[in-house]
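Residue numbers (the working numbering): 36 to 170.
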């Protein structure tokens, strides 16, 4: 039970961080809906390990990342449809100019915003899973 609560709290923080980075993901203004959205996203990632065990797939960084990204993509689309106040809009990258490389700004449509959000959150979740597993 303590491990579950620790992972739930960790994933709540991961998704709070991820949703604050992506400007295209608008979280609900009502606190109950806000926490419910974070809770649903966290529970989706917590289902990754049982799904992989059910499918008899070895759990490592790559499989955990892919499965959590797939689950998060589906849950994000469901939240977009059913959660009040949860919106996915265009996400804009302003661009980056370093001394040796220049990246022009671009706009991600809502579907790509969900995909990039899911992949990024999946990578962060997989890193924490592997770090916890190595203890």
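Cβ coordinates follow ideal geometry from the N, Cα and C atoms, glycine included. Being a predicted model, the structure only gives us computed values, none of them experimental.
What's the C-alpha gap between residue 156 and residue 92?
In a straight line, the C-alpha of residue 156 is about 21 angstroms away from that of residue 92.
Using 8 angstroms as the Cβ pair cut-off and three pairs as the minimum, do the region 90-109 and the region 62-70 touch?
Output reads no: the region 62-70 does not touch the region 90-109.
Can you check which of these residues, 47, 127, 163 and 133, is closest to residue 77 by C-alpha distance?
Answer by Cα proximity: 47.
Tell me whether the beta-carbon of residue 151 lies closer than 8 angstroms to the beta-carbon of residue 125.
No, the Cβ-Cβ distance between residue 151 and residue 125 is not below 8 angstroms.
For residue 105 and residue 132, what's the separation of their Cα atoms in angstroms?
Answer to the nearest angstrom: the Cα atoms are 32 angstroms apart.
Could you check the C-alpha separation between residue 87 and residue 38 for me, to the nearest Å?
Rounded to whole angstroms, residue 87 to residue 38 spans 18 angstroms at the Cα level.
Quick one, which of 68, 69, 99 and 149 has its alpha-carbon nearest residue 80's?
Selected option, being the one with the closest Cα: 99.
Is the CB-CB distance between residue 56 and residue 159 below 8 angstroms?
No.
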